[in-house]
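Here is the structure we will look at.
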Amino acid sequence: MKYGNFPIQSKTYYEKDISNQEFGFCSNCNKSQTEENWCKNCNSKMFQKDFKRWCKNEDINNFIQEAQLNARNSNEVIEWICYERLRNIQFIAQGGFSTIYKAIWLDGNIDCWDNEKKEWKRINQKLNENDYDNANKNSPLKENEKYGIYVVLKSLNDSTNIHEDFLMELKNHLQFLCSAINNYSNFIKIYGITQDPETLNYMIVLKEMPMGNLRSNLMIKKYNPEDKYYNLYEIASSLAALHKCDLVHGDLHSGNILFENVFTACISDFGLSRPANQSINTNKIISGVLPYIAPEVLRGHPYTKAADIYSFGIIMWEFTSGVPAFHNIPHDFHLCLDICKGVRPEIIEGTDSGYIELMKKCWNTDQSKRPKADELAEMFDVLSTKHIINHEKRMQVPAVPGIIQEESEN
Numbered sequence: 001m002k003y004g005n006f007p008i009q010s011k012t013y014y015e016k017d018i019s020n021q022e023f024g025f026c027s028n029c030n031k032s033q034t035e036e037n038w039c040k041n042c043n044s045k046m047f048q049k050d051f052k053r054w055c056k057n058e059d060i061n062n063f064i065q066e067a068q069l070n071a072r073n074s075n076e077v078i079e080w081i082c083y084e085r086l087r088n089i090q091f092i093a094q095g096g097f098s099t100i101y102k103a104i105w106l107d108g109n110i111d112c113w114d115n116e117k118k119e120w121k122r123i124n125q126k127l128n129e130n131d132y133d134n135a136n137k138n139s140p141l142k143e144n145e146k147y148g149i150y151v152v153l154k155s156l157n158d159s160t161n162i163h164e165d166f167l168m169e170l171k172n173h174l175q176f177l178c179s180a181i182n183n184y185s186n187f188i189k190i191y192g193i194t195q196d197p198e199t200l201n202y203m204i205v206l207k208e209m210p211m212g213n214l215r216s217n218l219m220i221k222k223y224n225p226e227d228k229y230y231n232l233y234e235i236a237s238s239l240a241a242l243h244k245c246d247l248v249h250g251d252l253h254s255g256n257i258l259f260e261n262v263f264t265a266c267i268s269d270f271g272l273s274r275p276a277n278q279s280i281n282t283n284k285i286i287s288g289v290l291p292y293i294a295p296e297v298l299r300g301h302p303y304t305k306a307a308d309i310y311s312f313g314i315i316m317w318e319f320t321s322g323v324p325a326f327h328n329i330p331h332d333f334h335l336c337l338d339i340c341k342g343v344r345p346e347i348i349e350g351t352d353s354g355y356i357e358l359m360k361k362c363w364n365t366d367q368s369k370r371p372k373a374d375e376l377a378e379m380f381d382v383l384s385t386k387h388i389i390n391h392e393k394r395m396q397v398p399a400v401p402g403i404i405q406e407e408s409e410n
């Protein structure tokens, strides 16, 4: 199958059994379910009955249809979401290639097929009074529209005429999501795609991560040192799932690590992810946040899985420092030279020696000496069992505005 110019080898992640688990048989067709309360055979037919030309872009229509036909579970379902069903849209951040908003999606996401009602059962929650009143202002809500879910909207700048990068990001995110499910790794669900009727820009609708990104939580993590072992296990596990797809992230930094809660860390933003054998900087323009870019990439070499590991090493350091790497010096050509010469962030006093050794392996100038993502996941899995997060003893660190400023990111 193909989405625009991007062929997808479906058997590599769609048709693969989820870790060869058994979920029983469908009561309608007697075929094996691919997830609890999910029959791919029956549900694909239900989706097909509602296939339509949701938007003017056929590549997007085809992408949504293929995702629905091949979904092994509700997490792999992508929908066309009517913009009118989104309320309380609020600006969050502006990046180089996209703008981020938060909103309420009145419908909520698909959970399973309801055989009695002959409709999709959806996951949502009752809106609090303030959110309901705000949602009701612009366009009156019906009596049964007091429910919804909180979502994030990623609007791709100048995407009126859809471009290959948009479809590539969607394809890579979905491919990673399927691999993460197989790998029992965390992921951020894509609920669907919508289009702003005013700007005509397309928007990706994603699950909200209430605790924000790692960068805004660095000080909390510094003063709760036990957090980092399990958090880094989850990040490494997700990175391993991505690398199993033969994809590289290409822009891994603390602004792209999102938290649902203290435990749950997820990799986000697949705008620069590419197949591992495809160079990201074919036009010789290096994209990303400088302190996290591996020296070989700065020298013009292709971005590899090992370059993601370098970024992981910098993130390890930030867990111990409470501040972004090289936050106190200009991110300019001089820093590029320093990184290529082997300059790394100064080790924080009191950091465990074993942790330091592993961190240095990750940011080794020789990329062949860096560990693999699955090796890191195994190591941090062991370490996290020795450093268990104790909620009762966790220190609550107050936010101090202005101390750490966000960089402009994708």
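Count the sequence shown with UniProt numbering and you get residues 1 to 410, in order.
Glycine included, C-beta positions come from ideal geometry on N, C-alpha and C.
Member of the options whose CA lies at the smallest distance from the CA of residue i
i	options	result
Q125	H173, D107, R53, N138	D107
P291	G322, L252, V262	L252
Y233	L247, R215, C266, T99	C266
C55	F380, K49, Q65, S185	Q65
A93	N128, K52, L153, C82	L153
W38	L69, I314, N134	L69
S155	E169, A135, K142	E169
F166	D269, I389, E22	D269
W317	V382, V262, D332, K228	K228
M211	L358, N182, I257	I257
K361	N130, I314, E76, S179	I314
A180	N144, I235, E129, T194	I235
I78	Q175, D352, I89	Q175
M46	D59, W113, I123, N182	W113
Q195	A71, I356, H387, C82	C82
G288	F263, H249, N130, Q48	H249
D111	Q48, A71, D50, H387	A71
Sub-9 Å separation of residue i and residue j beta-carbons
i	j	result
N61	W80	yes
N73	E119	no
Y191	N109	yes
M97	N157	The amino acid at residue 97 is misidentified as Met; the sequence shows Phe. Yes.
Y184	F380	no
F187	S238	yes
N43	L177	no
V262	I389	yes
Cβ neighbours of residue i in the same chain (closer than 6 Å, five flanking residues each side left out)
i	result
E260	M209
V297	Y303, A307
P295	I339, C340, T365
Residue i burial status per 10 Å Cβ neighbour count (16 or more: buried)
i	result
H391	exposed
H173	buried
L200	exposed
H334	exposed
T304	buried
E198	exposed
F326	buried
P330	exposed
Q396	exposed
T29	Residue identity check: residue 29 is Cys in the sequence provided, not Thr. C29 comes out exposed.
S384	buried
G148	buried
S368	exposed
G300	exposed
L358	buried
L376	buried
V382	exposed
K52	exposed
G350	exposed
L337	exposed
I123	exposed
K40	buried
Chain-order list of residues whose beta-carbon lies under 7 Å from that of residue i (same chain, five-residue window excluded)
i	result
N364	R370
R394	N224
G342	T365
K146	K126, L127, Y132
L141	A135
8 Å CB neighbourhood of residue i in its chain, flanking five on each side removed
i	result
S321	L218, K222, P345, I348
V151	L86, K102, A103, I104, W105, Y191, V205, L206, K207, E208
N138	R87
G354	none
S32	E22, F23, G24, F25, C26
### the region 214-228 contacting the region 245-264, beta-carbon criterion three pairs below 8 Å
By the criterion of at least three beta-carbon pairs nearer than 8 Å, the region 214-228 is in contact with the region 245-264.
### Query
Taking contact to mean at least 3 C-beta pairs separated by less than 8 Å, is the region 362-381 in contact with the region 239-249?
The region 362-381, when compared against the region 239-249, does touch it at the 8 Å Cβ threshold.
### Contact between the region 219-227 and the region 302-311 (3+ Cβ pairs under 8 Å)
Not touching, per the Cβ criterion.
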